[in-house]
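Chains A and B, in that order, give the protein sequences.
Here the first sequence is numbered in my numbering, starting from 410 and rising by one per residue.
Here the second sequence is numbered in my numbering, starting from 410 and rising by one per residue.
Here a beta-carbon is modelled for each residue, glycine too, at the ideal position from N, C-alpha and C.
All figures in this text were calculated on a predicted structure; none of them were measured in a lab.
Scroll down for the structure; my scribbles are underneath it.
Number of protein chains: 2
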Amino acid sequence: MPARRLQGVKSSPVRDLLALTLRPEVISFAGGLPAPELFDMDGWQASFAKAADDRRNLQYGPTEGDALLRTLIAERMTRRGLPTSQGDLLITTGSQQALTLVTTALVEPGDVVAVEEPTYLAALQCFQMAGARLVPVASDEQGMIPAALAEVIARDRPTLVYVVSTFANPSGRTLPAPRRQEIATLAAEHDMWVVEDDPYGELRYEGDPVPPLASYGDRVLYLGSLSKIGAPGVRLGWLRAPNTLLPTVVIAKQAADLQTSTIDQAAAAAYLSNTDLDAHVAMLCAAYRERRDTMLTELPTTVPEGTTWTHPDGGMFVWLRLPGEVDTADILKKALTHNVAFVPGPPFFATNPDPATFRMSFTTNTPEDITEGMRRLRITFS
Amino acid sequence: MPARRLQGVKSSPVRDLLALTLRPEVISFAGGLPAPELFDMDGWQASFAKAADDRRNLQYGPTEGDALLRTLIAERMTRRGLPTSQGDLLITTGSQQALTLVTTALVEPGDVVAVEEPTYLAALQCFQMAGARLVPVASDEQGMIPAALAEVIARDRPTLVYVVSTFANPSGRTLPAPRRQEIATLAAEHDMWVVEDDPYGELRYEGDPVPPLASYGDRVLYLGSLSKIGAPGVRLGWLRAPNTLLPTVVIAKQAADLQTSTIDQAAAAAYLSNTDLDAHVAMLCAAYRERRDTMLTELPTTVPEGTTWTHPDGGMFVWLRLPGEVDTADILKKALTHNVAFVPGPPFFATNPDPATFRMSFTTNTPEDITEGMRRLRITFS
C-alpha cells in the first residue's frame, strides 16, 4: 500500500533504540545524544524569553530563514575558514533536513550516490527513499580514498558523493586536507556534487583543525548544525550552497515545511548574539575529551582480545569490530540483560554489512557512568 | 543540473509576495497570514518559559512527537467529533510537512493525484515535486462534486485525492456533510486515500460545524495545524492516520528531519494545558468575522461590475473572478503602485489556469486597514 520504494526502507535502529535509553536503569552508548547536563540552560532560557517577547517571532517568516541568524552563522563559518555570506545559506530543521532537501533537489530515482562504508545510517535511508542506487567507495583509517572515488566516478557516474568529513558517524575518522583537496577537484572535474555533512567538526579533542572540504571547491555542499554544539531539541541546521543550486533547494524547502520554526530561529539568533559559543564549545570539548579517554582507557580490558577500534580525535563515536564470526545484534540482546546498550554496525553499511561491527557513543554519559557501563559490557563479553 | 522533476516547479508566488508585505506602506490581502496583533503573547511567553526550564526539551525526542502534545491534540480532535488517540498521531513541522510526508509515503512518480481546481498551491507544488500527474475534479459552490470524482476514479485510478474540506484555500468553500460521506465511501470502495487538509476548520463565523471528512471513513488522512488558531511561527501540525499507514510516514519523517522541534512541542503542550484555546478561538472568530464582513461589504463598490466572488462561512479567503478577458497579474502590478496587494489566481490551478481570478485574505489586516486597502483597490480598478 505505501509507495514501492518505501517498502524496503526500515525504521532507524538507532531511533528505535532511543526507547531503550528511556529505561533509567540502562547505560546507553547507543544513541548519538549530546550530554544534557552540559546544555547551556541559562543561555537558552534567556534566548527563548527574548524571542517570545516579539510577536513577529510567532508569525510566518521567509523560507530561506531568519536574516539575523543567517548572518551570524555566515560570520561563524567565515571565522572557521569557510568564507560565507548570508545569501549562501538556507536554514533547515536540523541538518538532516538539509540532506533530504539536497537529495530532493538533485537525485532522481536510479541515480547513483557514492558513500563510504560504514556511514551515517539516516543518510542511507534518505538516499534509499529517493530511489538512489548506493555505491560504496573504499575507505581506510583516513576516510574515503580519493583513488577509489575516481574509480567509482569512472564506472558509475554518481550524481553526488556523501561524506561526513570530520569525526565521522560511525567511524570517528577525519579526512585529511590533501584528500579533501583531491575529492573537491574530482567533483569539479566531473560536474558532480559532494555533500559535506559536518555536525561534529567543532568537537575536536586533539590535533589541529582541518579546513572544511567545501573550502577546496564550489561543487561541495556544506551541511552544518547547532545540534551538537548548541541543543538538538531546537532542531536548527543549515545548508551552504552556491547560487546555482540554492534557489532550487529553497523551493524544495517550501514544499517540505514552508520554513523552520520562526521562534526557534529567533532564539538561536539571540543565543549566538549574546553567548560566547566558542567558550561553551571549549567546555564541551574538555568534558567530552575526558569521556572519550575514559572509554578508550577501559576498552582494552572490556572487549575480547582481537577486537579493533578507532581512536577519534573528536566527535561522539568509537567504531569497533569483534574478532571471529559473531553477530553484534545477538550481543546487544545479552548486553541489554545487563542494562547496557550500543548500536550494532550492519545498518551503517550501504551494501555489505559486517555483523561483527558496532558503534559506541561516549558523549551522553558521565565518566562515572561510562566506567560502570564498561563494567557491564565486560560481564556481557565474559 | 537540478533533478529533472524540479525544473518545472516554480517558487510559490504567495511566498515571493511575502517580500512585498514587508514594505510597511503596502496593505496586503495576498498572504494567508493570521493577524499578529491577536496572537496570545502572554500565553506563548509563559509556555516557552516553562518549556525552556526543562533540559529534556533541548534534547532529541521521539520521531512521532511529544507524548503529552499528542494526547492533548487527540483529546481536542475527539471533542471536535473525530475520535482520536495519541497513537493515531504524528507531530509535524506544520501541516505542510504532513502533506509532504504523506506524498512521500504514497505517491510514486507517474501516480495520479486528484485535486479540486482551484486548490492550495503549495499542495500542487508538493505533488508536482513527487512526479505525480494532477487530474482536476469538477467542483461547484459546495466544493468537490462526488459524481465527478467517481468519473475520475473510473478513468484515472488516482492514488490519492486532496481536499481542503472546510473554508478551502483559495475558494473559501466548505464541503457539506453528504458529500463528505460520498467521498469517504468512494475512497473505501476503490482502495484509495483521501487527504483532508483542515487548517481553517475551527475558524467558523456563521453556520453550523460539519463533521470532519475523516469521521466518515478510515481511508481519510487528516492534517491538522496550530498555525491558524495558535501561532504559525511555532510550526506545529499533525497527521492523523490509521496504523496501516502511520509507521511508514514515521519512517519518512525520520529521513526528513528526525523530529519536529522538541522545545516547540513542549511549549505547545504547555499552551494547550494552561490556556483556554476555545476562548481564544472564539475571540479570533469574532475579530475575523468583522474583517470578513468589512471586506464583503466593500466589495460591491470596489470591483468592476460583473465580478463574482465567494461568501466564505469561515477561514481566511475570498475568491474572485473578474469579467472579461483580463489578467490579474497585470492588475496586481497596477495595485502595487497604489500600495495594495492580492494574489493572482492562476497558480492555484492544476491544469487550466483562469487569469481573471484572484484571492483576497481578510484576516491579516484590521477593519480600518481593510477599508483603506479597498479604497486603494477601487482606485486600481477605476
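Item                                                                                                                                                                              : Value
Using a Cβ-Cβ distance under 9 Å, would ARG464/B count as near chain A?                                                                                                           : yes
For the structure I just gave you, are there three or more beta carbon pairs, one from the region 744-760 of chain A and one from the region 632-641 of chain A, closer than 8 Å? : no
Considering only the alpha carbon of each residue, which of PRO518/A, GLU550/A and GLN505/A lies closest to ALA532/A?                                                             : GLN505/A
Using C-beta distances below 6 Å, list every residue in its chain close to THR657/B, excluding the 5 sequence neighbours before and after it, in chain order.                     : ALA514
Per DSSP, which residues does GLU525/A bridge with? Please list them.                                                                                                             : VAL546/A
Of all Cβ atoms in chain B, is any one closer than 9 Å to the Cβ of ASP673/A?                                                                                                     : yes
Residues of chain B with CB under 7 Å from VAL643/A, in chain order?                                                                                                              : LEU467, SER670 and ILE672
Select from the region 491-507 of chain B all residues with a C-beta closer than 7 Å to any C-beta belonging to chain A, and list them in chain order.                            : THR502, GLY503, GLN505 and GLN506
Under the assumption that ILE779/B contacts MET692/B (Cβ atoms under 8 Å), give the Cβ distance between them as a whole number of angstroms.                                      : Between MET692/B and ILE779/B the Cβ distance is about 18 Å, and since that is not below 8 Å, they are no contact.
Measure the C-alpha to C-alpha separation of THR594/A and GLU484/A and round it to an integer number of angstroms.                                                                : 26 Å
What residues in the region 443-464 of chain B bring their beta carbon closer than 7 Å to a beta carbon of chain A?                                                               : PRO445, PHE448, MET450, TRP453, GLN454, PHE457, ALA458, ALA461, ASP462 and ARG464
Any contact between the region 535-544 of chain B and the region 580-595 of chain B? By contact I mean 3 or more CB pairs, one from each, below 8 Å.                              : no
Could you work out which residue in ALA461/B, ASP549/B and GLN668/B is closest to ARG644/A when comparing CA atoms only?                                                          : GLN668/B
Answer with buried or exposed for SER624/A, where buried requires no fewer than 16 other C-beta atoms within 10 angstroms of its C-beta.                                          : buried
Please list the residues of the region 537-564 of chain A that have a C-beta atom closer than 8 Å to any C-beta atom in chain B, keeping them in chain order.                     : MET538
Quick check: is the beta carbon of PRO433/B nearer than 9 Å to any beta carbon in chain D?                                                                                        : Although the question refers to chain D, the structure presented lacks it and instead comprises the protein chains A and B.
In or out: ARG432/A buried (at least 16 other Cβ within 10 Å) or exposed?                                                                                                         : exposed
Exposed or buried, which one is SER494/A when buried takes at least 16 other CB atoms within 10 Å?                                                                                : exposed
May I ask you to list the residues that DSSP assigns as paired with ALA750/A?                                                                                                     : SER437/A
Pull up the CB-CB distance for TRP647/B and ILE500/B, whole angstroms please, since I reckon it's below 8 Å.                                                                      : 5 Å
Within the 9 Å Cβ cut-off, does ASP666/B reach chain A?                                                                                                                           : yes
Just checking my contact of ASP617/A with VAL573/A at CB under 8 Å: how many whole Å lie between their CB atoms?                                                                  : Contact doesn't hold; Cβ gap of about 19 Å is too wide.
Taking only runs that begin and end inside the region 692-726 of chain B, name each unbroken alpha helix (DSSP H) of 4 or more residues, in chain order.                          : none
I'd like the list of long-range same chain contacts for THR472/A, defined as Cβ closer than 7 Å, with 5 residues on each side in sequence excluded.                               : VAL659, LYS662, GLN663, LEU667 and GLN668
Which residues, taken in chain order from the region 584-601 of chain B, show a beta carbon closer than 9 Å to some beta carbon of chain A?                                       : ASP600
Looking at C-alpha atoms only, which residue of TYR529/B, LEU530/B, ASP565/B and ALA507/B is the closest neighbour of VAL521/B?                                                   : ASP565/B
Whose Cβ in chain A lies nearer than 7 Å to the Cβ of CYS535/B?                                                                                                                   : ALA664
Could you check if ASN466/A is buried or exposed, using at least 16 other CB atoms within 10 Å of its CB as the buried criterion?                                                 : buried
Would you call the CB atoms of ASN683/B and GLU526/B closer than 9 Å?                                                                                                             : no
Out of LEU654/A, VAL629/A, SER548/A and LEU612/A, which one is the CA nearest neighbour of CYS694/A?                                                                              : LEU612/A
Measure the CB-CB distance between MET486/B and TYR609/B and report whether it falls below 9 Å.                                                                                   : no
Based on DSSP bridge pairs, tell me the residues matched to ARG768/B.                                                                                                             : TRP728/B and VAL752/B
Starting from GLU605/B, trace the beta strand (DSSP E) in both directions and tell me its first and last residue.                                                                 : 602-606
If you run the structure through DSSP and keep just helix, strand and coil, what is VAL572/A?                                                                                     : strand
Mind pulling the beta strand (DSSP E) runs of 3 or more residues that sit fully within the region 612-688 of chain B?                                                             : 629-634 and 646-649
DSSP three-state label for THR501/A, please.                                                                                                                                      : strand
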